[in-house]
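Chemist: Once you've had a glance at the structure underneath, I'll fire off some questions.
2 protein chains.
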Amino acid sequence: MTLPIFREKSDDSVGWGQSTGRDSTVSAVDRALHGLRHMIATERLVAGQRMPPESELCDELDVSRGSLREAIRMLAALRVIEPRHGSGTYVSQLRSEDIIGSLSLTVDLLPLTGLLELYEIRRVLESHAAAQAAARMTESGIRTLYACIEEMEATSDPAATFAPNQRFHAEIARASGNPALEAMLEVFRPRSHNYQVYDLPEGVRIKRASDDDHRVIAEAIANRDPVAAATAAAAHAAHTEKWLRGYLPDDGVPPSGAAGNSA
Amino acid sequence: MTLPIFREKSDDSVGWGQSTGRDSTVSAVDRALHGLRHMIATERLVAGQRMPPESELCDELDVSRGSLREAIRMLAALRVIEPRHGSGTYVSQLRSEDIIGSLSLTVDLLPLTGLLELYEIRRVLESHAAAQAAARMTESGIRTLYACIEEMEATSDPAATFAPNQRFHAEIARASGNPALEAMLEVFRPRSHNYQVYDLPEGVRIKRASDDDHRVIAEAIANRDPVAAATAAAAHAAHTEKWLRGYLPDDGVPPSGAAGNSA
DNA sequence: ATCCGAGAGTTGTCCGATGACTTGCGGGGA
DNA sequence: TCCCCGCAAGTCATCGGACAACTCTCGGAT
Numbered sequence: 027m028t029l030p031i032f033r034e035k036s037d038d039s040v041g042w043g044q045s046t047g048r049d050s051t052v053s054a055v056d057r058a059l060h061g062l063r064h065m066i067a068t069e070r071l072v073a074g075q076r077m078p079p080e081s082e083l084c085d086e087l088d089v090s091r092g093s094l095r096e097a098i099r100m101l102a103a104l105r106v107i108e109p110r111h112g113s114g115t116y117v118s119q120l121r122s123e124d125i126i127g128s129l130s131l132t133v134d135l136l137p138l139t140g141l142l143e144l145y146e147i148r149r150v151l152e153s154h155a156a157a158q159a160a161a162r163m164t165e166s167g168i169r170t171l172y173a174c175i176e177e178m179e180a181t182s183d184p185a186a187t188f189a190p191n192q193r194f195h196a197e198i199a200r201a202s203g204n205p206a207l208e209a210m211l212e213v214f215r216p217r218s219h220n221y222q223v224y225d226l227p228e229g230v231r232i233k234r235a236s237d238d239d240h241r242v243i244a245e246a247i248a249n250r251d252p253v254a255a256a257t258a259a260a261a262h263a264a265h266t267e268k269w270l271r272g273y274l275p276d277d278g279v280p281p282s283g284a285a286g287n288s289a
Numbered sequence: 027m028t029l030p031i032f033r034e035k036s037d038d039s040v041g042w043g044q045s046t047g048r049d050s051t052v053s054a055v056d057r058a059l060h061g062l063r064h065m066i067a068t069e070r071l072v073a074g075q076r077m078p079p080e081s082e083l084c085d086e087l088d089v090s091r092g093s094l095r096e097a098i099r100m101l102a103a104l105r106v107i108e109p110r111h112g113s114g115t116y117v118s119q120l121r122s123e124d125i126i127g128s129l130s131l132t133v134d135l136l137p138l139t140g141l142l143e144l145y146e147i148r149r150v151l152e153s154h155a156a157a158q159a160a161a162r163m164t165e166s167g168i169r170t171l172y173a174c175i176e177e178m179e180a181t182s183d184p185a186a187t188f189a190p191n192q193r194f195h196a197e198i199a200r201a202s203g204n205p206a207l208e209a210m211l212e213v214f215r216p217r218s219h220n221y222q223v224y225d226l227p228e229g230v231r232i233k234r235a236s237d238d239d240h241r242v243i244a245e246a247i248a249n250r251d252p253v254a255a256a257t258a259a260a261a262h263a264a265h266t267e268k269w270l271r272g273y274l275p276d277d278g279v280p281p282s283g284a285a286g287n288s289a
């Protein structure tokens, strides 16, 4: 691997490690964080490798063990490293899906307005994934899609539709062949169920519309028609987005009568 | 005080630990992490609010101060909370662009194969943003685009093209009107410069092709033609992706079956 | 050859103390 | 009266040490 001309950015990560220039403007945790990150960026530590023990890292980075551990936890939250009790701290595989998966803890905390911004992204990506799936999905995958559809249509219980709905979309995402895309759609999707649109007064109508959407998507994929699949998936995501937007005026109140939508 | 602790496991505690599922005993840091997250999710702490001091949180969550601080750092790395020295720890604004921006520290660490997976996503999103920009960008924004283009074309120094290139794409992203989309493109973009494609033997040709791409994109946006803008932006991203892919096959191992990865 | 226990190595957790920074309050001077 | 300054309380930042919990290897016993 001589090729990757790896240019470590010179933003604020120069001269880490020497205690003489202990810049008072940089906190100890930042020193440890950037120091560890630098070790990985420069491939001194490679994916899957066990890192030196905390005591050595403390010595090299010139921070206390407490500060070092806080930096370690930050990188662990970002799925860059993975501490194992009693064994050591390991660099993760650094796969794109892992990195993106680090958002799973936080998207649930977004207010509805921020969530809707993510839904525009989701709509575009879901559409793209469906197009790819139309070209790549296996026959057995397509059969799985229809199995999910039938399972969803067989019940009107919102809780029972959750799992097959997840599987349906996950199957399409996986067929896209891009793990990063799959992970991103996975992160964005589950939140749509925190607001339980099926419990609205129009729940029955909404569920039927959703079922119809799923059939159209599956048909397009089965017909190997990427454009139709993309269109259908975008429409489906747009529907969800529209229903969700109904929650905007007052939080938690169904928008039957008090819908003062401004968008 | 002596609360029996929150035991509502079956609510929203999914997808955060991919380990082999040993949840019989929960570590102290996990208790603190989920406790804090739960306070925010249930809106006991709202965006922008100052959190209780660490001593109180330690008492309530029943963890030591060290473990609590590690949990705090994890949420801080995810941009959910923000500690301020001497003042207190505050819940962030919880905007989608903040959450997505937490990836900025990690994308630089991805190996090239993972980066290429992100580039497929980037291509789709850049295309969408360009289409939106064609419909929404102001006249002054369009003038800025051309100013960036001229600045880029005026030099052949890779370092000098970096800034205007950033501004060009950032302007289009901002014109999309979606802060989350803007942040995501911002996260994905800068990495393209860590591999300095302009320093390749074909650098001159590549740069000219890139300049041409930028002109086509700007023309389409100026003509208020979303479809043309989307196409041009997708083509531009695809070009970058192709050049970057040139770094891939480098090896001491013969590329049998293209690394087995289902592209 | 297999099983198992001891021991070294490593991370997890807690405690106490001190430094650094912010903020608000009140005193002193113009 | 008004403004500036300094003090003090509150809070986070950092350090050092100690012990517990866990993993893994190695050597002995069966």
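Protein sequences, first through last, are from chains A and B.
To convert, note that position 241 of the first sequence is 267 in the working numbering; the numbers rise steadily by one, no gaps.
To convert, note that position 11 of the second sequence is 37 in the working numbering; the numbers rise steadily by one, no gaps.
The C-beta atom is built at its ideal place from N, Cα and C for all residues, glycine as well.
(1) Which residues bound the beta strand (DSSP E) around residue 116 of chain B?
(2) Is it buried or exposed for residue 158 of chain A, if we count other Cβ within 10 angstroms and need 16 for buried?
(3) Hey, does residue 96 of chain A have any beta-carbon neighbour from chain B nearer than 8 Å?
(4) Hey, could you find the ends of the alpha helix (DSSP H) residue 69 of chain A is sitting in?
(5) Going by DSSP in three states, residue 250 of chain B sits in which element: helix, strand or coil?
(6) Work out the CA separation of residue 108 of chain B and residue 116 of chain B for me, nearest whole Å.
(7) Identify the contact partners of residue 122 of chain A in chain B, using a Cβ-Cβ distance below 7 Å as the criterion.
(8) By a C-beta neighbour count over all protein chains shown, 10 Å radius and 16 as the cutoff for buried, is residue 51 of chain A buried or exposed?
(9) Determine whether the Cβ of residue 244 of chain B lies closer than 8 Å to any Cβ atom of chain A.
(10) Which residue's Cα is closest to the Cα of residue 173 of chain B: B:182, B:191 and B:273?
(11) For my contact list, residue 140 of chain B and residue 93 of chain A are in at a C-beta cut-off of 8 Å; report their separation, rounded to the angstrom.
(12) Beta-carbon of residue 204 of chain A versus every beta-carbon of chain B: anything under 8 Å?
(13) Opposite residue 175 of chain B in the DSSP bridges: which residues?
(14) Below 8 Å on the Cβ atoms is my guess for residue 66 of chain B versus residue 106 of chain B; work out the distance and round it to an integer in Å.
(15) Am I right that residue 63 of chain A and residue 120 of chain A are in contact with their C-beta atoms under 8 Å? What's the rounded C-beta distance?
(16) Can you have a look at residue 253 of chain A and say buried or exposed, based on whether 16 or more other CB atoms are within 10 angstroms of its CB?
(17) What's the C-alpha gap between residue 45 of chain A and residue 111 of chain A?
(18) Indicate the three-state DSSP secondary structure (helix, strand or coil) for residue 162 of chain A in the structure shown.
(19) Buried or exposed, going by whether 16 or more other CB atoms sit within 10 Å of the CB of residue 230 of chain A?
(20) Spatial neighbours of residue 96 of chain B within its chain, please: C-beta separation below 7 Å, excluding the five flanking residues on both sides.
(21) Check this for me: beta carbons of residue 151 of chain A and residue 207 of chain A, under 8 Å apart or not?
(22) Counting only beta-carbon atoms, is residue 154 of chain B nearer than 8 Å to chain A?
(23) Measuring only the C-alpha atoms, how far is residue 91 of chain B from residue 81 of chain B?
(24) Could you list which residues in chain A have their beta carbon closer than 7 Å to that of residue 103 of chain B, in chain order?
(25) For residue 210 of chain A, collect the residues of the same chain with a Cβ closer than 7 Å to its Cβ; drop the 5 residues on either side in sequence, then sort them by chain order.
(26) Counting along the chain, where does the alpha helix (DSSP H) carrying residue 91 of chain A start and finish?
(27) So, is residue 143 of chain A buried or exposed, given that buried needs 16 or more other C-beta atoms within 10 angstroms?
(28) So which residues of chain A does residue 77 of chain B contact, with C-beta pairs closer than 8 Å?
(29) Can you check whether the CB of residue 212 of chain A is closer than 8 Å to the CB of residue 196 of chain A?
(30) Among B:267, B:68, B:204 and B:171, which has the Cα closest to the Cα of residue 145 of chain B?
Modeler: This is what the structure gives:
(1) Residue 116 of chain B -> beta strand (DSSP E) spans 114-117.
(2) buried
(3) It does: the Cβ of residue 96 of chain A has a partner Cβ on chain B nearer than 8 Å.
(4) It is not in any alpha helix (DSSP H) - residue 69 of chain A carries neither H nor E in the DSSP assignment.
(5) coil
(6) 5 Å
(7) 136, 140, 143 and 144
(8) By the 10 Å Cβ count, residue 51 of chain A comes out exposed.
(9) no
(10) B:191
(11) With a Cβ gap of about 29 Å, residue 140 of chain B and residue 93 of chain A do not count as contacting.
(12) Yes, contact with chain B.
(13) Paired residues: none, contrary to the question.
(14) 7 Å
(15) With 8 Å as the limit, residue 63 of chain A and residue 120 of chain A do not qualify as a contact, their Cβ atoms being about 12 Å apart.
(16) exposed
(17) Residue confidence is low: residue 45 of chain A scores 36 on pLDDT, short of 50, so the model does not pin down where it sits. Its coordinate-derived value is still stated next. In this structure, the CA atom of residue 45 of chain A is about 30 Å from the CA atom of residue 111 of chain A.
(18) helix
(19) Result: exposed.
(20) 55
(21) yes
(22) By this cut-off, residue 154 of chain B is an interface position.
(23) Approximately 7 Å, taken between the alpha carbons.
(24) 100, 103 and 104
(25) If we look at residue 210 of chain A and ignore the five residues flanking it on each side, its Cβ neighbours are 126 and 151.
(26) 91-103
(27) Here residue 143 of chain A is buried, its C-beta having at least 16 other C-beta atoms within 10 Å.
(28) Per Cβ cutoff of 8 Å: no residues; residue 77 of chain B is ~14 Å from chain A at best.
(29) yes
(30) Taking the Cα of residue 145 of chain B as reference, the smallest distance to any Cα among B:267, B:68, B:204 and B:171 is reached at B:267.
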